[in-house]
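Engineer: One structure, as structure tokens, below. Some questions next.
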Amino acid sequence: MSSATSEADLSEDERAGLELIRESGGIHQSDFWKDLDVSSRKGSRIVESLFEKGLIQREDTVYEGHNTYFLTPAARDLDFSLLMAGDQLSPFIGDEEVDPHDDTFSQWVMTLAYND
């Protein structure tokens, strides 16, 4: 099941939970349900649902002396094809400065145009 399909079927509480995890970049489950203002039982159900749908990852941890999970957003499928023209990667990717007198970018754009 893709993330897009899964996210469309989320309840309001699941969406709020997923947004909290994404915005925080990671949160302990013991803080998660408090920040969502739900019971620990409901928070656990939300986490379980998001985990089963592949939208979050969880890792066993000890936090403030208690066993809990650290919840992080799952890596999303990334589409790098937008950076490619044929087998050429965009010249603007990387740390190097692009020489305005070089025709690398022009060649990349032409390849992109011819591949469409």
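Each residue of the sequence shown is one higher than the one before, starting from 6 at the first, in the working numbering.
Virtual Cβ for every residue (Gly too), placed ideally from N, Cα, C.
Keep in mind that this is a model prediction, so the values were computed, not measured.
Return the chain-ordered list of same chain residues with a C-beta closer than 8 angstroms to the C-beta of Val43, the five sequence neighbours on each side being excluded.
Structural biologist: Cβ within range, chain order: Asp18 and Ile51.
Engineer: If contacts are defined as beta-carbon pairs under 8 angstroms, then Gly48 and Phe37 qualify, I think. What distance do you get, rounded to the angstrom?
Structural biologist: Right, their Cβ atoms sit about 6 angstroms apart.
Engineer: Out of Ala21, Arg63 and Tyr119, state which residue places its alpha-carbon closest to the alpha-carbon of Thr73.
Structural biologist: Checked all of Ala21, Arg63 and Tyr119; the closest Cα to Thr73 is Arg63.
Engineer: Helix, strand or coil, according to DSSP, for Glu28 in the structure here?
Structural biologist: If DSSP states are grouped into helix, strand and coil, Glu28 belongs with the helices.
Engineer: Which residues mark the beginning and the end of the beta strand (DSSP E) in which Arg63 is found?
Structural biologist: From DSSP, the beta strand (DSSP E) with Arg63 extends over Ile61 to Tyr68.
Engineer: Can you tell me the Cα-Cα spacing of Tyr68 and Leu88, whole angstroms?
Structural biologist: Rounded to whole angstroms, Tyr68 to Leu88 spans 41 angstroms at the Cα level.
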